[in-house]
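Visitor: Just passing along the structure, written as structure tokens.
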Amino acid sequence: MIEPDEELTPAASPWSRLREAVGVVLWSSFLAACLETMLFFAWFDPPLLSHDDFPPAWLAQRPTAYAVGFFFFWCCSAVAAAFTAYLIESGPHASDVPAKPQQ
Amino acid sequence: MNAQLHAPEHSLYAAQQKIYPREVTGRFARLRVAAVLVLLGIFYGLPWLQWDGRQAVLFDLPARKFYIFGITFFPQDFFLLTWLLVIAALSLFFFTALAGRLWCGYACPQTVWTQAFVWMERLAEGKRAQRIKLDKQPWTFNKLWRKSLKQVLWISFSLYTGYSFVGYFSPIHGLAEGITQFSLGSWETFWVLFYGFATYGNAGHMREQVCKYMCPYARFQSAMSDRNTLIISYDAKRGEPRGSRARGDDQLAKQGQGDCVDCTLCVQACPTGIDIRRGLQYDCIACAACIDACDTVMDKLGSPRGLVRYSTQAQLDGKATRILRPRIFIYAMLLTLLTAGFGYAVTHRMPFDVDVLRDRNALYRTTSEGLIENVYSIRIINKDQHPHAFQLSIDGLPNATIDTDVPQPVVAGGAVMTVVIRVRVPEGQEHGGRDIKVIAKAIDRPALHVTSKARFFSEP
């Protein structure tokens, strides 16, 4: 027998604008951070970067440097992505109704 | 991967309506189950595979070496990874042009893990109708233990996923020991938790919302697909006008009613909550659950299957579908060329590499014998499986002599060795700086040599 459920799946209501923005910013910057981390550490070996006192010895260890580097890149990319999202969202759009000239 | 999104869910935003995908059985459901089992089997099984006495696939980041079966890769082979990513992107173009969003429906990690999480949810909370009822109930003991069981299953599975993921970067046997003896390194613990949390958030909570809001592929799929691309579609010509009817009832059909009985099972089965009868939508991840749902109904009604089916726009318009078309040929040709090139590059890779680092402390020094001396650290990388002895020499600097503690360094297979050399020329011969080349030649394979540029400094 075919018995449709008593109620339909409620149509998925969309994510709020803010939630979508947070998701997209974190996600796109995550992808960028992965790429940046790979590229950066493919060229630079953390122990070889260490020079005199900087970066400190604990940071020059590879597992720490990779992790700190990854989160550093993620933060920087997220700032850029959030800034972009904010400027696009809050800026004037071509479709906006032009303001009436002042008399 | 960014499960952090979940933290503010309840405080900042209005709660979102939940989707309860209905369970379906059928051809494509079986195919999807098979895909999930195979892919998850590979993911969880691969780190345990041994090869030549070590883990077969290990991206040993602390040692900066990637082991993939018999081959060892070094950071210097980075271009191969880039190449591989280009091949992967092109394959996605090729398969999308040919068969639509196969990737989304069957192979994307987001879909695969979501499936696994949905199964666990069903095990704990029951079928769709039971889950809707359960969520509406007040907190009874029944609800409490079912919800707790689901969380226990989800969290354990997520943690095991995190553990397996870290097992690709740190030997998995060592990790297992570390966990059982409570001696796991702090970064390893962190990444297990991080990846576990990301799995939990993405597959347990966000699910197809990731496809809708965060996946760029859904947005640019139109650039890859055309009228001959395989899509999942509802045959409106056959289905409309829709309306309910009983099995074997031909009266309504004679009056012009279509085959769709408006049972809405296709909508209930959809994990993204769309109605396929409204036509192709970018939310559709092509999981084919609606096809299975509709086929079941058509079977029961005694009507032919395929009211919702894999089809193409051309076919729906009553034209023939062209599989072999220019873009398919172009993608296939590029893909073949790139793959063949990649295979050649991997198998004919130069097995050695050499890096030169100048001594940072002094540009040059005058020895007691009146020679100008520059000091370099030479890193010799042997990507081969066997050890080799190397002979170092200098090109581009007349009368140069090399002084080193290890005249013929022997580098083990898959290893890196650093040798310090002191390059000397008579005083007064050179002024300022000069570009030189450091050459490393394998003694047993003189045809193969690698060079690296360096700079030699003397008094101005």
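Line by line, the protein sequences give chains A and B.
Position 2 of the first sequence, counted from 1, bears residue number 2 in my numbering, the numbering being contiguous throughout.
Add 1000 to the 1-based position in the second sequence for my numbering, that's all there is to it.
Glycine included, each C-beta is placed from N, C-alpha and C at the ideal position.
#1: Using the rule of at least 16 other Cβ atoms within 10 Å of the residue's Cβ for burial, across every protein chain shown, is B/I1330 buried or exposed?
#2: Helix, strand or coil for B/Y1044, going by three-state DSSP, please let me know.
#3: Sort out for me which residues DSSP pairs B/D1355 with in a bridge.
#4: According to DSSP, is A/T9 part of a helix, a strand, or is it coil?
#5: Have a look at B/R1219 and B/I1087 and give me their C-alpha separation to the nearest angstrom.
#6: Starting from A/S77, trace the alpha helix (DSSP H) both ways and give me its first and last residue.
#7: Would you mind giving the Cβ-Cβ distance between B/G1204 and B/I1019, rounded to the nearest angstrom? I have them listed as a contact below 8 Å.
#8: On the DSSP bridge assignment, give the partners of B/L1371 in chain order.
#9: Pick out the complete beta strand (DSSP E) segments inside the segment 1277-1335 of chain B, 3 residues or longer, and give them in chain order.
#10: Looking only at DSSP bridge pairs, what is B/M1417 linked to?
#11: Just to make sure I have the definition right: I need the residues of chain A whose C-beta is within less than 9 Å of the C-beta of B/L1061. Which are they?
#12: I want to see whether chain A comes within less than 8 Å of B/P1047, judged by CB atoms only; does it?
#13: How many Å lie between B/F1028 and B/W1051 at the Cα?
#14: Considering only the alpha carbon of each residue, which of B/D1395, B/R1207, B/A1097 and B/P1304 lies closest to B/I1436?
#15: Looking at chain A, which residues of the segment 1202-1217 of chain B have a Cβ within less than 7 Å of any of its Cβ atoms?
#16: With 16 other CB atoms within 10 Å as the buried threshold, where does B/S1183 fall?
#17: Find the residues of chain A that neighbour B/P1075, judging by a C-beta separation of less than 8 Å, and give them in chain order.
#18: Could you check where the beta strand (DSSP E) with B/Y1067 kicks off and where it finishes?
#19: Please list the partners that B/R1064 has in chain A, where partner means a Cβ-to-Cβ separation under 8 Å.
#20: Identify every residue that forms a DSSP beta bridge with B/S1393.
#21: Report the neighbours of B/F1093 on chain A: residues whose CB is nearer than 9 Å to its CB, in chain order.
#22: Following the continuous alpha helix (DSSP H) through B/S1170, name the residue where it begins and the one where it ends.
#23: Using 8 Å for Cβ pairs, my map puts B/C1056 next to B/F1066. What's the rounded Cβ distance?
#24: Only counting runs of 4 or more residues, tell me where the alpha helix (DSSP H) segments fall wholly within the segment 1168-1230 of chain B, in order along the chain.
#25: Any contact of the segment 1158-1166 of chain B with the segment 1080-1099 of chain B, i.e. 3+ C-beta pairs under 8 Å?
#26: Among B/L1448, B/I1291, B/F1094 and B/V1192, which residue has its Cα nearest to the Cα of B/S1156?
#27: On a Cα-Cα basis, can you pick out the residue from A/A33, A/L26 and A/V24 that is closest to A/G69?
#28: Output the boundary residues of the beta strand (DSSP E) element that contains B/A1454.
#29: Is A/W58 close to chain B, meaning its C-beta is less than 8 Å from at least one C-beta of that chain?
#30: Would you verify that the beta carbon of A/E36 is, or is not, closer than 8 Å to some beta carbon of chain B?
#31: I'd like to check one pair, B/G1432 with B/N1382: are the Cβ atoms closer than 8 Å?
#32: Using a 10 Å radius around the Cβ and a threshold of 16 neighbouring Cβ atoms, would you call B/Y1374 buried or exposed?
#33: Flag this pair as yes or no: are the beta carbons of B/A1415 and B/V1438 separated by less than 8 Å?
#34: For B/C1287, is the classification buried or exposed, using 16 other Cβ atoms within 10 angstroms of its Cβ as the cut-off for buried?
#35: Would you tell me roughly how many angstroms separate the C-alpha atoms of B/I1071 and B/Q1385, rounded to the nearest one?
#36: Have a look at B/Y1376, B/V1354, B/L1098 and B/P1351 and flag the residue whose alpha-carbon is nearest the alpha-carbon of B/L1363.
Guide: On the basis of the supplied data:
#1: exposed
#2: helix
#3: B/R1379
#4: Confidence in A/T9 is poor, its pLDDT being 42 and thus under 50, which makes the residue's placement unreliable; the coordinate value appears in the next sentence. Note: A/T9 maps to coil in three-state DSSP.
#5: 21 Å
#6: R62 to S90
#7: About 13 Å; that fails the 8 Å criterion.
#8: B/P1426
#9: 1308-1311
#10: B/I1380
#11: F41, R62, P63 and Y66
#12: no
#13: 36 Å
#14: B/D1395
#15: Q1209, Y1213 and M1214
#16: exposed
#17: F41, A42, W43 and D45
#18: K1065 to I1068
#19: D45 and R62
#20: B/I1439
#21: Simply none; closest approach about 18 Å.
#22: Neither: B/S1170 is in no alpha helix (DSSP H) and is coded neither H nor E.
#23: Reading off the sequence, residue 1056 of chain B comes out as Ala, not Cys. The Cβ separation is near 12 Å, so there is no contact.
#24: 1172-1180, 1186-1199 and 1216-1220
#25: no
#26: B/V1192
#27: A/A33
#28: H1449 to F1457
#29: no
#30: no
#31: no
#32: Checking the sequence, you will find Asn at residue 1374 of chain B rather than Tyr. Looking at its Cβ environment, which holds 16 or more other Cβ atoms inside 10 Å, B/N1374 is buried.
#33: no
#34: buried
#35: 8 Å
#36: B/Y1376
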